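This note's numbering puts the first residue of the sequence shown at 11, with every later residue one more than the last.
Have a look at the structure below before the remarks.
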Amino acid sequence: MQFSSEAENIFTQSEIEEILKDEQQFYIEHAERNWLYRYFKVKAMANESHVPSIVSSISDMPPGSDNFKKSKTEMYALKAIQVSEWLETLHSAIRSLSPIEQKLIELKYLRKRNDGSRYSDEIIYPQLYIGRKKYYKMKKEALDILGRKLYGIFSEKGYF
Numbered sequence: 011m012q013f014s015s016e017a018e019n020i021f022t023q024s025e026i027e028e029i030l031k032d033e034q035q036f037y038i039e040h041a042e043r044n045w046l047y048r049y050f051k052v053k054a055m056a057n058e059s060h061v062p063s064i065v066s067s068i069s070d071m072p073p074g075s076d077n078f079k080k081s082k083t084e085m086y087a088l089k090a091i092q093v094s095e096w097l098e099t100l101h102s103a104i105r106s107l108s109p110i111e112q113k114l115i116e117l118k119y120l121r122k123r124n125d126g127s128r129y130s131d132e133i134i135y136p137q138l139y140i141g142r143k144k145y146y147k148m149k150k151e152a153l154d155i156l157g158r159k160l161y162g163i164f165s166e167k168g169y170f
């Protein structure tokens, strides 16, 4: 409690609000860029039925060395596990939202129109029976929550 009162003495109320707004924008962008915009690509990878070659290689190099080559079958299995974990993590975070926020995220990011494009906001908020202003406020809050829940779960390196 003492820290917050000291912070209020250092920063003005408008400066604190600006810092928090920037932080919220960071998490919103994280949720969209690293999770929701990747959803269809990752889902397609999960539904992929390609079976790799079953030919394995034999090497006298120890498994920890740089020259050790993993089998195609092993790499395929690892990728399939990563994809399913990624999808489950995203769906779990979405389930933690309120029902109307879940529906908003589903309509906006997890469904596509027949032509392959995403639904526009103007199509979505009437389906949720809410006004435009409330829709954008709710969307911002839902994305902020998702971004905070999903931040740092998977390192971006080596994934998809």
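From the three backbone atoms N, C-alpha and C, an ideal C-beta is built for every residue, glycine too.
What you are looking at is a predicted structure, and each value in this text was computed from that prediction instead of being measured.
With 16 or more other CB atoms across the displayed protein chains lying within 10 angstroms of its CB, residue 152 is buried. Secondary structure note for residue 164: it is in no alpha helix (DSSP H), with a DSSP letter that is neither H nor E. Here the C-alpha atom of residue 29 lies approximately 20 Å from the C-alpha atom of residue 146.
For residue 142, the three-state secondary structure derived from DSSP is helix. An exposed status is given to residue 101, since fewer than 16 other beta-carbon atoms sit within 10 Å of its beta-carbon. With a 10 Å radius around the Cβ and a threshold of 16 neighbouring Cβ atoms, residue 90 comes out exposed.
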